[in-house]
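Chains as they are written, first to last, in this note's numbering: chain A, 6 to 323; chain B, 6 to 323; chain C, 6 to 323. Beta carbons are placed, not taken as given, at the ideal position from N, Cα and C, and that holds for glycine. On a predicted model such as this, the values are computed, not experimentally measured, just so you know. To start, the structure itself, in structure tokens.
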Amino acid sequence: MNLQDIVENLGLSDVNQLKTVNISGLNTLADANQSEISFLDNKKYLKDLESTKAAAVLIKEEFASLVPKSTLALITDEPYLKLALASEIFAPSLIEEYGKDPIIGENTVIMPNVYLGKNVTIGKDSTIMAGSYISDNVIIGSDTIVHPNVVVYRDCKIGNSCIIHAGTIIGSDGFGFAHTKKGEHVKIYQNGNVLIEDNVEIGSNTTIDRAVFGSTIIKNGVKLDNQVQIAHNCVLGEHTIITAQVGLSGSSILGRNVVMGGQSATAGHLEIAPFTTIAARGGVTKSITEGGKTWAGFPLFEHRPWLKLQGKIAKLLK
Amino acid sequence: MNLQDIVENLGLSDVNQLKTVNISGLNTLADANQSEISFLDNKKYLKDLESTKAAAVLIKEEFASLVPKSTLALITDEPYLKLALASEIFAPSLIEEYGKDPIIGENTVIMPNVYLGKNVTIGKDSTIMAGSYISDNVIIGSDTIVHPNVVVYRDCKIGNSCIIHAGTIIGSDGFGFAHTKKGEHVKIYQNGNVLIEDNVEIGSNTTIDRAVFGSTIIKNGVKLDNQVQIAHNCVLGEHTIITAQVGLSGSSILGRNVVMGGQSATAGHLEIAPFTTIAARGGVTKSITEGGKTWAGFPLFEHRPWLKLQGKIAKLLK
Amino acid sequence: MNLQDIVENLGLSDVNQLKTVNISGLNTLADANQSEISFLDNKKYLKDLESTKAAAVLIKEEFASLVPKSTLALITDEPYLKLALASEIFAPSLIEEYGKDPIIGENTVIMPNVYLGKNVTIGKDSTIMAGSYISDNVIIGSDTIVHPNVVVYRDCKIGNSCIIHAGTIIGSDGFGFAHTKKGEHVKIYQNGNVLIEDNVEIGSNTTIDRAVFGSTIIKNGVKLDNQVQIAHNCVLGEHTIITAQVGLSGSSILGRNVVMGGQSATAGHLEIAPFTTIAARGGVTKSITEGGKTWAGFPLFEHRPWLKLQGKIAKLLK
Chain A
6 MNLQDIVENL GLSDVNQLKT VNISGLNTLA DANQSEISFL DNKKYLKDLE
56 STKAAAVLIK EEFASLVPKS TLALITDEPY LKLALASEIF APSLIEEYGK
106 DPIIGENTVI MPNVYLGKNV TIGKDSTIMA GSYISDNVII GSDTIVHPNV
156 VVYRDCKIGN SCIIHAGTII GSDGFGFAHT KKGEHVKIYQ NGNVLIEDNV
206 EIGSNTTIDR AVFGSTIIKN GVKLDNQVQI AHNCVLGEHT IITAQVGLSG
256 SSILGRNVVM GGQSATAGHL EIAPFTTIAA RGGVTKSITE GGKTWAGFPL
306 FEHRPWLKLQ GKIAKLLK
Chain B
6 MNLQDIVENL GLSDVNQLKT VNISGLNTLA DANQSEISFL DNKKYLKDLE
56 STKAAAVLIK EEFASLVPKS TLALITDEPY LKLALASEIF APSLIEEYGK
106 DPIIGENTVI MPNVYLGKNV TIGKDSTIMA GSYISDNVII GSDTIVHPNV
156 VVYRDCKIGN SCIIHAGTII GSDGFGFAHT KKGEHVKIYQ NGNVLIEDNV
206 EIGSNTTIDR AVFGSTIIKN GVKLDNQVQI AHNCVLGEHT IITAQVGLSG
256 SSILGRNVVM GGQSATAGHL EIAPFTTIAA RGGVTKSITE GGKTWAGFPL
306 FEHRPWLKLQ GKIAKLLK
Chain C
6 MNLQDIVENL GLSDVNQLKT VNISGLNTLA DANQSEISFL DNKKYLKDLE
56 STKAAAVLIK EEFASLVPKS TLALITDEPY LKLALASEIF APSLIEEYGK
106 DPIIGENTVI MPNVYLGKNV TIGKDSTIMA GSYISDNVII GSDTIVHPNV
156 VVYRDCKIGN SCIIHAGTII GSDGFGFAHT KKGEHVKIYQ NGNVLIEDNV
206 EIGSNTTIDR AVFGSTIIKN GVKLDNQVQI AHNCVLGEHT IITAQVGLSG
256 SSILGRNVVM GGQSATAGHL EIAPFTTIAA RGGVTKSITE GGKTWAGFPL
306 FEHRPWLKLQ GKIAKLLK
């Protein structure tokens, strides 16, 4: 879509000298390319502004002077709300009307009552069990088992030798909204996807949300238990283990071989170093930069001090 | 059903002068009308007894004298157990045998493998995706998307411009049982429904239980994330936001623009004032009457004192 | 399969004098019979070694001398990893190719889009609602309701007068892996099943994992709410009540009439005495041997001391 059209669509009036560049989508300041629009809502990302390659940036007037010369400033009081409105422009269809019939590899079994969308590709020796929904443009590898009543939303990718247990939902929308001054919430369309690499096993009734931009990524060898919640834009490193009822908030970046105990959780936008263990119920609210340690509690402590602290707390009873 | 028949069915022998009134169902003391039976099990509701309009009340002998003249006292040692038995009498059919074919609005898409019950009405420009189950008497508005493998139980209502993500269950039975002296649990049939107003988005694998009497209500503009649990008879005010893995116990009444962080929860039968924020993992056990504040922890504190308290607790380690 | 073949398959070279016994499967030291292979990985189970009836035991060299005479020691540095590899040998087919057509009792209703596997038996007056998946060898009793989009994995059994709400998954794989020295996880195939007795009600989107060996057991009269997670090899005693979002870790053994409040949880391999109540959010990490008490918190305390402790903690603020 033409930038001029987008700007008019968003009701932005202060813009001059619009480039006639064709816009392909939205992205973060750090990841946007020259055909994408970005936004600055949180000052924390000012550092990404000067090096952005975005065609244009939704931005408050006070920061407009910091926008690089090759990028156009789209000035607005509410950059995040305008981003939400723009996200709808680039949202793909719910169901593709046109496209190729599925390509199914040798010895792959598609059971009854499976829905396969347009442009679906499935490798060989895989099984898609009854009641599953494989949406448009989904790619599934070889030797992979998709148990009954699994739903894979459009554009997601599942690798080889994966097992996805029943009732699991892959690629539902991340939970993202801009807010109006009246307290209403405006959907930020989640135009990214989920990428699941090889040898991943996912339990039953787990949910993995698609990215708002880019991909939510589950790397090689990861094992997820039942009723795990992975929010948009998380990245799970190789061989990471997540037990039942764990919740990862948006943009949690876990290194390889992280272990998270039952009902533990992360706040969003943080990193956990490789080989970290979070005990059951641990609540991670800040990045863990040094790997190989075990943590517990909420607020989070290293495991041994946490145990000691619980002893001290119990003594209050005396 | 005739009151005489119900009383005999429940094995109540002490009743005289039965009215021949036709009984249409069960309800609370406060909400029962002149064709409904109510019950008094918890003294907390004695205040509702004197003003009840119920045709009859299941009640212990000691409170029988407090029953208003226009209401008949059905005396029993176990009013709650008798309520459970009576609830089965009024439980509607699991599947209606007779009824009208679905009425589907213009441009609405019903994908393959969707089950539509009797007397279903769906507005225009909506999409019901494959594998979803829309039970008898369900009404769905216009511009609404029901993603794959969603289940909507009988008698529930979903408004306009809603998005229901995959695997979500709307209207399953609330968790309510009376208990016998032997420790067995007798089901209280959940004869209410779920009402979802307009502009509501619900994440994947969320569960919203139907009311025991009346309705579980999700008001205009509410946004629910994945794996949220809403128990029977909750009411969620306009534009309230509930993030992933939150659990609301029965009859939690949330005002408008309440925000509940990940894995937070409420105990039942309480109210949360408008514009309240509950931080992640917060556990609300009492009503919050003053709006606009932020709370955290379990037991619950205001957010700043909670942070301070965590600092004090951490000092115990030294 | 012949023991000689299994040993070669696992790459075990130190074994002499192999018995020609036919091996039917794997089991724990305590439960293995003379045609099963067992393993010793954790010293905690040394007490079970001397009385084991297993045909052979995967074991480290240092403990080999403790193996009873009638049992063959299969010596390996990594008994748990070899167990994982052996578990795949005994894993049944994902989908049976051959077998009998379903046997359906009188007045039982099978709705559209239900998948019934081979050798399925369903009693009379039951209802299997649309979109449910009843896998091979599953037995379902009489007067039982399976709501839409439920999945029952192979070999599981559901009794009479049960209600299984929508989206619930019964018999998905327990979460069990052995680990290589490189940090990869090797699946322990879960070759057991789930047994659900009579009068059990299970909420929506709950998950109950099959046992690794033997059965996960839900006894008569148990009531489970929505989004409950029951891991492999749990046993829930008669009339136990588990409310929403509770997580039971593997091999949690609950006595009769246990009550677990919302979002409470257990660590694995422990027992809870009959008539125990765990308050909401309680975290049980050790066995509770004396019944009839109420517990709360994490770490867990008896309920009254826990309340008192919370009072003491709150005083730290002053």
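Could you work out which residue in the options is closest to residue i when comparing CA atoms only?
i: C:Gly266; options: B:Val264, B:Asn262, B:Met265 and B:Thr271; result: B:Thr271
i: C:Cys167; options: C:Ile174, C:Ser131 and C:Phe182; result: C:Ser131
i: A:Asn225; options: C:Val191, C:Asp230, C:Leu229 and C:Ile222; result: C:Val191
i: C:Thr81; options: C:Phe68, C:Ser75, C:Glu93 and C:Lys74; result: C:Phe68
i: B:Leu63; options: B:Leu8, B:Thr221 and B:Thr290; result: B:Leu8
i: B:Glu243; options: B:Ala278, B:Gln250, B:Thr173 and B:Gly288; result: B:Ala278
i: A:Gly287; options: A:Glu276, A:Ser40 and A:Gln268; result: A:Gln268
i: C:Ala61; options: C:Thr299, C:Tyr50, C:Ala319 and C:Ser75; result: C:Ser75
i: C:His274; options: C:Gly172, C:Pro84 and C:Lys49; result: C:Lys49
i: C:Val227; options: C:Ile207, C:Ala236, C:Phe218 and C:Ile235; result: C:Ile207
i: A:Asp46; options: A:Ser29, A:Thr290, A:Lys291 and A:Lys65; result: A:Lys65
i: A:Phe44; options: A:Ser29, A:Val72 and A:Thr25; result: A:Val72
i: A:Ile109; options: A:Trp300, A:Glu83 and A:Thr126; result: A:Thr126
i: B:Thr290; options: B:Phe306, B:Gly297, B:Lys298 and B:Thr33; result: B:Phe306
i: C:Gln195; options: C:Ile318, C:Gly297, C:Ala249 and C:Thr33; result: C:Thr33
Would you mind telling me which residues of chain C sit closer than 9 Å to residue i, beta carbon to beta carbon, in chain order?
i: B:Ser177; result: His152, His170, Ala171, Gly172, Gly208, Ser209, Asn210 and Asn231
i: B:Ile318; result: Ile318 and Leu321
So residue i and residue j are supposed to be a Cβ contact under 8 Å. How far apart are they, rounded?
i: C:Ala37; j: C:Lys58; result: 6 Å
i: C:Leu322; j: B:Pro310; result: 6 Å
i: A:Ala89; j: A:Ala183; result: 4 Å
i: B:Ile139; j: B:Val119; result: 7 Å
i: B:Asp141; j: B:Ser177; result: With a Cβ gap of about 15 Å, B:Asp141 and B:Ser177 do not count as contacting.
i: B:Ile258; j: B:Val240; result: 5 Å
i: A:Asn210; j: C:Asn27; result: Not quite, the Cβ-Cβ distance comes to about 38 Å (not below 8 Å), so this is no contact.
Looking at chain C, is there any beta carbon in it that lies within less than 8 Å of the beta carbon of residue i?
i: A:Lys228; result: yes
i: B:Glu189; result: yes
i: B:Tyr138; result: yes
i: B:Asp141; result: no
i: B:Asp36; result: no
Considering only residues of the same chain and omitting the five flanking positions on each side of residue i, which have a CB-CB separation below 7 Å?
i: B:Ala347; result: Because chain B is modelled from 6 through 323, residue 347 of chain B falls outside the range shown and cannot be assessed.
i: A:Leu86; result: Ala183, Thr185 and Val191
i: A:Asn165; result: Gly128, Gly146, Ser147, Asp148, Thr149 and Asp203
i: B:Met116; result: Ile133, Met134 and Ala135
For residue i, which residues in chain C fall below 7 Å Cβ to Cβ?
i: A:Gln315; result: Pro304
i: B:Asp160; result: Chain C residues near B:Asp160: none, gap ~15 Å exceeds 7 Å.
i: B:Ser254; result: Gly267
i: A:Arg309; result: Ordered by position in chain C, no residue passes the 7 Å Cβ test against A:Arg309, which lies about 15 Å from the chain.
Sorted by chain position, which residues of the same chain lie with C-beta nearer than 6 Å to residue i's C-beta, five sequence neighbours on each side aside?
i: C:Ala35; result: Asp53
i: C:Leu121; result: Pro107 and Ile139
i: A:Arg159; result: Ser140, Asp141 and Asn142
i: A:Asn198; result: Asp160, Cys161, Arg215 and Ser220
i: C:Glu101; result: Lys123 and Asp141
i: A:Ala301; result: Ala284, Gly287, His308 and Trp311
i: C:Glu276; result: Ile258 and Ser292
So which residues of chain B does residue i contact, with C-beta pairs closer than 7 Å?
i: A:Gln234; result: Asn231, Gln232, Ala249 and Gln250
i: C:Asn196; result: Within 7 Å Cβ-Cβ: nothing; C:Asn196 doesn't reach chain B, min ~27 Å.
Is the shortest distance between the beta-carbon of residue i and the beta-carbons of chain B less than 8 Å?
i: A:Val114; result: no
Cβ closer than 8 Å: which chain C residues qualify as neighbours of residue i?
i: B:Tyr85; result: Ordered by position in chain C, no residue passes the 8 Å Cβ test against B:Tyr85, which lies about 15 Å from the chain.
i: A:Thr132; result: Leu99 and Ile100
i: B:Phe180; result: Gly208, Lys228, Asp230, Asn231, Thr248 and Ala249
For residue i, which residues in chain A fall below 7 Å Cβ to Cβ?
i: C:Asn118; result: Asn118
Can you list the residues of chain B that residue i reaches, using a CB-CB cut of under 9 Å?
i: C:His244; result: His184, Lys187, Gly188, Glu189 and His190
Strictly below 8 Å CB to CB, what residues from chain B border residue i?
i: C:Asn262; result: Gly188
Short of 8 Å in beta carbon distance, which residues of its chain neighbour residue i, apart from the five on each side in sequence? Order them along the chain.
i: C:Thr180; result: In the sequence on display, residue 180 of chain C carries Phe and not Thr. Cβ within range, chain order: Asp214, Ala236, His237 and Gly255.
i: B:Ser261; result: Per the sequence shown, residue 261 of chain B should be read as Arg rather than Ser. Answer for B:Arg261: Lys224, Gly242, Glu243, His244, Thr245, Pro279 and Phe280, listed in chain order.
Strictly under 8 Å for the Cβ-Cβ distance: is residue i near chain A by that measure?
i: C:Pro73; result: no
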